[in-house]
Structures are given as C-alpha cells and as structure tokens.
Amino acid sequence: MIKIGILTCSDKGSNGERVDTSGVAIKEIVKEIGGEVIKYEIVPDDKKNISEKLTKWSDKLKLDLIFTTGGTGLSKRDITPEATEEVIDRKVPGFSEIMRLEGFKNTKHSILSRGVSGLRKKTLIINLPGSEKAVRENLKIILPSIPHAIEIIRGKTEHK
Amino acid sequence: MIKIGILTCSDKGSNGERVDTSGVAIKEIVKEIGGEVIKYEIVPDDKKNISEKLTKWSDKLKLDLIFTTGGTGLSKRDITPEATEEVIDRKVPGFSEIMRLEGFKNTKHSILSRGVSGLRKKTLIINLPGSEKAVRENLKIILPSIPHAIEIIRGKTEHK
Amino acid sequence: MIKIGILTCSDKGSNGERVDTSGVAIKEIVKEIGGEVIKYEIVPDDKKNISEKLTKWSDKLKLDLIFTTGGTGLSKRDITPEATEEVIDRKVPGFSEIMRLEGFKNTKHSILSRGVSGLRKKTLIINLPGSEKAVRENLKIILPSIPHAIEIIRGKTEHK
Chain R
1 MIKIGILTCS DKGSNGERVD TSGVAIKEIV KEIGGEVIKY EIVPDDKKNI
51 SEKLTKWSDK LKLDLIFTTG GTGLSKRDIT PEATEEVIDR KVPGFSEIMR
101 LEGFKNTKHS ILSRGVSGLR KKTLIINLPG SEKAVRENLK IILPSIPHAI
151 EIIRGKTEHK
Chain H
1001 MIKIGILTCS DKGSNGERVD TSGVAIKEIV KEIGGEVIKY EIVPDDKKNI
1051 SEKLTKWSDK LKLDLIFTTG GTGLSKRDIT PEATEEVIDR KVPGFSEIMR
1101 LEGFKNTKHS ILSRGVSGLR KKTLIINLPG SEKAVRENLK IILPSIPHAI
1151 EIIRGKTEHK
Chain E
2001 MIKIGILTCS DKGSNGERVD TSGVAIKEIV KEIGGEVIKY EIVPDDKKNI
2051 SEKLTKWSDK LKLDLIFTTG GTGLSKRDIT PEATEEVIDR KVPGFSEIMR
2101 LEGFKNTKHS ILSRGVSGLR KKTLIINLPG SEKAVRENLK IILPSIPHAI
2151 EIIRGKTEHK
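Residue numbers (the numbering used here), protein chains in the order written: chain R, 1 to 160; chain H, 1001 to 1160; chain E, 2001 to 2160.
Right, here's the structure in full:
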C-alpha cells in the first residue's frame, strides 16, 4: 500500500469558485498502483502555506508520496514549484522532465509547466499541472515508474 | 503585439569581429508570432553586463520576451545562463529542455547548450544558442508555445 | 587523447562486498573516443569524500572528464548528485537530461536517476547511474557528443 497525499494549489479551488476535478482524478487513478489517499486538501496559491503542508505531510504523517496539482504555470500567483523546492532535500528531476517532454508530443503547452519533483526524507513529492486533462496525461506517463521508486525509498530493494 | 528584446552575447560580435547573423534571424522569425523587436544590442560575454541589460529591459522597458543568443556553450567565456539565472524570479525549464532534446534528433551537439529560461516578473527570458543554424532550429521548436505563454503572463487568459 | 577519471560511488563497492563491473565497463568503452583512464577509484557514498575526489582530480590532475558511477538513485545514502553540484562552476544539464529521457524509451526506471553534469573549470563531470547495464546504455547515448565537448572546453575549436 502506498500512502498518498493530494495537495491542490488553487486560489479559486480554495475559495469555492472552482470544483477540483483534478484532485478527484488523482484520487481515482492512484488506485491502479495500490495508492491510498490519506490526505487531500485544497490550499490557495500561497508559498508559505504550501510549504508547510508539504513539510507536515512528510515529517508528521510520513506519507510515501505527495502529488500537488496546480500552481505550476506562468501566472503571477503560480508558486507551487518554488514552495516545493524550499522543502525538498534532494531533487528527482526526471519525473518533471518526462512529463513536459512526453507531454509535448500531444500539446505544445506542456513545456510551460514549471513543475519540480524531489524527496523530503522518505517522501516523494511530485508537482502535477492544474488541469484535469493534463493530470490524466501526466500520470499515465509517470505512474509505471512510481512503485519501484517507492520500494527503493523504503529501502526494501535496490535500484535495478 | 509581443514586445521583444534581442540580446546577442558575444565577445567577437561586440567588438566587430563577427557579423551577428543570429540576432538578425531572430528579428525576422519573431514576426510570425506578431513579435516586434523593441531592443536589439550586442554585448560581450560579461556576466554583470548581461544581467544588467536583462534587468533593465525587464523592469524599465517592460518587454514581454527577451531572447539572448550566444554564450550558452562550454567555452571559458560562456556565461549567459549564469547571468540569466541571477535575474530570473521563477524558472521555466521546459523551453530549454525541449530545445536540447528535440534538437538532439538532428545534431548531437544540441545537448551541449547550457541555456536556461525563466521569468523576471512579467518578462519571459529565453537563452538561445549562438549559431544562426541552431537559433533557427530552436525557434522552430518553441515558437508555437510562445503566444499562449505571453497571454498567461499578461493575465489575459488562464493556462489551458 | 582524453584524460579520464572514473569515480565509483558505492558503499558496497568500497568495502569489497560488490565487484565494480560498471567502472570496468566505462574503462573499456571510453577507448572508442580515445579516452585514457588516468584515475580509477571506488569510494563510499559519502558526500565530502566524493566532492574532495572530484575537486582534486579537476584542480590537481587536470583531467578532461570525470565519470562517476553510482549514488544517483533514491536510496537514503545516494548523494553523488549533491556532491557533484557542490564542486561544479557551471551546469551542463543536457547530458543528464538526455540520458534520462532517451533511456526512458527502454526502461521506465531511467527517470529515477538524479544525475547531474557540469564543468569545474576545464574538467567535465558527468554522473552515470550505478548498474553496468545502465552505464552501457547511457554511454552509448552521450559518447558521440563528448569529443566535440572536450575540444571546446580546451579552447581548440568553437562551438559549431
């Protein structure tokens, strides 16, 4: 079982102006890899707020994996990658690179996502874009790499 | 209309030893996306000099987009990426990644480009390589993503 | 002739628990580009230790190119990328990006490698993964770009 947190970063989502279909999509899709969503919250695009949630979910709740959705674009308020970089110990750039570059085959906009990925101790944190469509496409790309990643982080296997 | 600056970073270009065909190529190509070149200068490969130009063009002239060309390679004096990183607030790595990796299909040398991309407030800054051929190839790859990027930065639309 | 160093980063390799077939593979493969291995050592996954070796091999031995192997994964002790980032002056991200993304076509695990690449003065440092299979696959991808890179670093040619 993979313990998962979903943090939706969206001003409009947090004040009720928009329904968070992306968070819901993640919740459903992670079942495919035995993911169980322990935490799911919507926060505004506030750097400190996002960093604090990621820190707490990693250090206190000891989740295996946190997906953020939203706040990775070029709008003034988009700050999820910076909030994430502030709390990770070690970067894992491959997840973000492959989402942008594989995604580019379908949509030219995929390279505008500024998402980062990394480890905070034993918690893997991955920024997903905000739109449900992009979330679905991106998870399809990276999901097959996740279970092996979690095994290695837990120390139960070595990298093949 | 997209307000564009072109900053050619080249010791030889700035002292007249080399004709800057790359800058001229950018000027011509950006017309395809409604780009109007407001500023075009050639500076030597000097970090402080490059950073100051980028800062001034962003903060005072409020350009939408600055393309640098040159100074992204492995030579001793190549320093454009470091000068750019010093002035951007938020990284937009996808532009640089896609230029290196799509470019790799044509030429193995494309991965030697150390270019970065990012935002300084509302100005998007993208490092292009120095050679005219590489500039043309790279712009072909990223140009279709630019107009939507500028719209989002201006706040006139949301990321799709 | 390209002067090469191989630094195997592995707790098990350094205490004799594992035979370093990856280091041996690099030694053999670099002959294809006129590489001569001047230094080859196995060190534990210790950040300070790795950084010191890289610094000494660059500054004192003035090697053209150092390949590290191992320590790029998600295990608790994997620290080679962080040790490398500490000693490089200028990043050369393309080598690491292309290894992850071209590698992804063969194996989904390639994106878990956290390897970085960069220059310390005139020495190019490239992190390779730990497994022999991955080392062979990755070198196949980047080797054709190496000789031109070394020429530029030495200042004997300009970037084409």
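Cβ atoms here follow ideal geometry from the backbone N, Cα and C, with glycine treated the same way.
As the structure is a prediction and not an experimental result, all values here were calculated from the model.
For residue i, does the count of other Cβ atoms within 10 angstroms reach 16, so buried, or fall short, so exposed?
i: Lys1053 (chain H); result: buried
i: Thr2157 (chain E); result: exposed
i: Asp2089 (chain E); result: exposed
i: Glu137 (chain R); result: buried
i: Val2043 (chain E); result: buried
i: His2061 (chain E); result: Contrary to the premise, residue 2061 (chain E) reads as Leu rather than His in this sequence. Exposed.
i: Asn1127 (chain H); result: buried
i: Met1 (chain R); result: exposed
i: Gly5 (chain R); result: buried
i: Val87 (chain R); result: buried
i: Asp1059 (chain H); result: exposed
i: Gly155 (chain R); result: exposed
i: Val1016 (chain H); result: Looking at the sequence provided, one finds Gly at residue 1016 (chain H) rather than Val. Flag for Gly1016 (chain H) reads exposed.
i: Lys1160 (chain H); result: Reliability fails at Lys1160 (chain H), whose pLDDT of 47 lies under 50, so the model's placement of it is uncertain and the value that follows must be treated cautiously. Label assigned to Lys1160 (chain H): exposed.
Comparing the C-beta of residue i with each C-beta of chain E, is any distance below 7 Å?
i: Lys1160 (chain H); result: Because the pLDDT at Lys1160 (chain H) is just 47, under 50, the model does not fix this residue reliably, and the point stays unresolved.
i: Gly176 (chain R); result: Outside the modelled stretch of chain R, which goes from 1 to 160, sits residue 176 (chain R), for which no answer is possible.
i: Ile33 (chain R); result: no
i: Leu1063 (chain H); result: no
i: Ala134 (chain R); result: no
I'd like to know whether the C-beta atoms of residue i and residue j end up nearer to each other than 7 Å.
i: Val2135 (chain E); j: Ser2117 (chain E); result: no
i: Ser2075 (chain E); j: Ile152 (chain R); result: yes
i: Ile2029 (chain E); j: Leu2139 (chain E); result: yes
i: Gly1071 (chain H); j: Asp1046 (chain H); result: no
i: Ala25 (chain R); j: Ile50 (chain R); result: no
i: Leu1007 (chain H); j: Glu1036 (chain H); result: no
i: Pro1129 (chain H); j: Ser1145 (chain H); result: no
i: Ile33 (chain R); j: Leu143 (chain R); result: yes
i: Glu97 (chain R); j: Glu2097 (chain E); result: yes
i: Ser22 (chain R); j: Thr69 (chain R); result: yes
i: Ile1150 (chain H); j: Asp1064 (chain H); result: yes
i: His148 (chain R); j: His2109 (chain E); result: yes
i: Lys27 (chain R); j: Arg18 (chain R); result: no
i: Gly1115 (chain H); j: Arg100 (chain R); result: no
i: Cys9 (chain R); j: Thr123 (chain R); result: no
i: Trp57 (chain R); j: Lys39 (chain R); result: yes
In chain R, which residues lie with their C-beta within 8 Å of the C-beta of residue i?
i: Gly1155 (chain H); result: Ser75, Lys76
So is residue i in contact with chain R if we call contact Cβ pairs under 7 Å?
i: Pro1144 (chain H); result: yes
i: Lys2047 (chain E); result: no
i: Lys2108 (chain E); result: yes
Applying a beta-carbon distance threshold of less than 7 Å, which residues of chain R neighbour residue i?
i: Phe1095 (chain H); result: Ile111
i: Ala1149 (chain H); result: Leu74, Leu112
Which chain E residues sit within Cβ distance under 8 Å of residue i?
i: Lys91 (chain R); result: Pro2081, Arg2114
So which residues of chain H does residue i contact, with C-beta pairs closer than 8 Å?
i: Arg100 (chain R); result: Pro1093, Gly1094, Glu1097, Ile1098
Using 7 Å as the limit for Cβ to Cβ distance, is residue i near chain H?
i: Ile2152 (chain E); result: yes
In chain E, what lies closer than 7 Å to residue i by C-beta?
i: Leu119 (chain R); result: Leu2074
Report yes if the C-beta of residue i is less than 6 Å from at least one heavy atom of the ligand ATP; otherwise report no.
i: Lys12 (chain R); result: Ligands are entirely absent from the displayed structure, and the ligand ATP is therefore not among its contents.
Taking only runs of the alpha helix (DSSP H) that begin and end inside the segment 76–117 of chain R, which ones reach a length of at least 4 residues, in chain order? Complete alpha helix (DSSP H) runs here, min 4: 80–85, 94–103.
Please give me, in chain order, every unbroken run of the alpha helix (DSSP H) with length at least 4 that falls completely inside the segment 1001–1053 of chain H. As far as the segment 1001–1053 of chain H is concerned, its whole alpha helix (DSSP H) runs of at least 4 residues are 1011–1014, 1021–1029.
What residue ranges within the segment 2113–2144 of chain E form continuous beta strand (DSSP E) runs of no fewer than 3 residues, ordered along the chain? Secondary structure remark: continuous beta strand (DSSP E) runs of at least 3 residues inside the segment 2113–2144 of chain E, in chain order: 2117–2120, 2123–2128.
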